[in-house]
Each structure stands twice: as structure tokens, then as C-alpha cells.
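Using this note's numbering, you'd call the opening residue of the sequence shown number 15 and step up by one each time. In this text, a Cβ means the ideal position worked out from N, Cα and C, and glycines have one as well. First the structure, in the form of C-alpha cells, and then the observations on it.
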Amino acid sequence: MKAKRNTPLTNSKEISEALGLSSPGDQSLVDLKAQISALATRAVKKSGLSLDDLVTVSGVPRSKVTAIRNGALAGISFEHFWRVLSATGSKVSFRLGKIPSRTKLNRGHE
15 MKAKRNTPLT NSKEISEALG LSSPGDQSLV DLKAQISALA TRAVKKSGLS LDDLVTVSGV
75 PRSKVTAIRN GALAGISFEH FWRVLSATGS KVSFRLGKIP SRTKLNRGHE
């Protein structure tokens with residue numbers, strides 16, 4: 015019997031589909047988490063901090079810091095991403111904007 019091969023999911027749309035998430039809200043959350051993961055991974059690499067330093071400063075368990083450093087999404091909370099980002103000295107800011115498809119969804123309800 016052949017062993018199953020896992021196909022890597024390369025973007026938030028593929029992740030949403032694999033999880034069976036079809037609502038725009040759920041897909042937006044997966045997209046946000048993927049973006050924060052990429053930011054955290056980049057910040058960790060640029061910081062030059064050791065794994066031990068990141069664990070100590072962030073207070074996040076070593077296994078989670080390692081997963082974040084490796085770009086994982088599953089099993090990592092927004093709080094853990096935030097603590098690790100803060101430990102690297104990074105600052106994250108948000109900008110509010112309209113979702114293009116959102117306008118189409120609301121047209122029938124006005």
C-alpha cells in the first residue's frame with residue numbers, strides 16, 4: 015500500500031479550502047494569520063536573536079517559537095505570534111480598508 019503524500023498548501027485560499035472554510039470571514043481570518051505568520055518569521059530571522067533569547071523574552075514555549083520561526087500556522091495563536099513579534103522589537107500596525115468583494119455581497123441588502 016502506498017503511503018499518503020501530503021501536498022504543501024501554499025496560500026491562505028488553499029488552506030481555507032482544505033479546512034472546509036467557505037465564508038469570506040473565515041477566509042479573511044486565515045489570510046490574516048498567514049500574513050502575521052510571514053511577518054513573524056521574517057522578524058525572527060532579521061532579529062538575530064537565538065531561540066533561547068526569543069523563548070525567554072517572549073515567554074512563548076520553545077516548540078511554538080520554533081514553529082513560528084519555521085513559518086507554521088497550525089497550533090499557533092495570535093497571542094503567540096504577537097509575543098514573538100514584540101520580542102524581536104518589531105512593531106505591527108494595521109490599516110483599515112474595504113474588501114472589494116464585500117461591496118457585491120451587501121448590494122442585495124440595502
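Fully enclosed by the region 31–113, which alpha helix (DSSP H) runs are 4 residues long or longer?
38–61, 65–72, 76–83, 92–101
Using only the alpha-carbon positions, how far apart do glutamate 31 and serine 37 sit?
10 Å
Buried or exposed, going by whether 16 or more other CB atoms sit within 10 Å of the CB of lysine 78?
buried
I'd like to check one pair, valine 44 with leucine 87: are the Cβ atoms closer than 9 Å?
yes
Closest Cα partner of glycine 111 within the set Ser104, Arg56, Lys47, Ser42
Ser42
With 16 as the cutoff for other CB atoms within 10 Å, does arginine 97 come out buried or exposed?
buried
For valine 71 and isoleucine 50, what's the separation of their Cα atoms in angstroms?
19 Å
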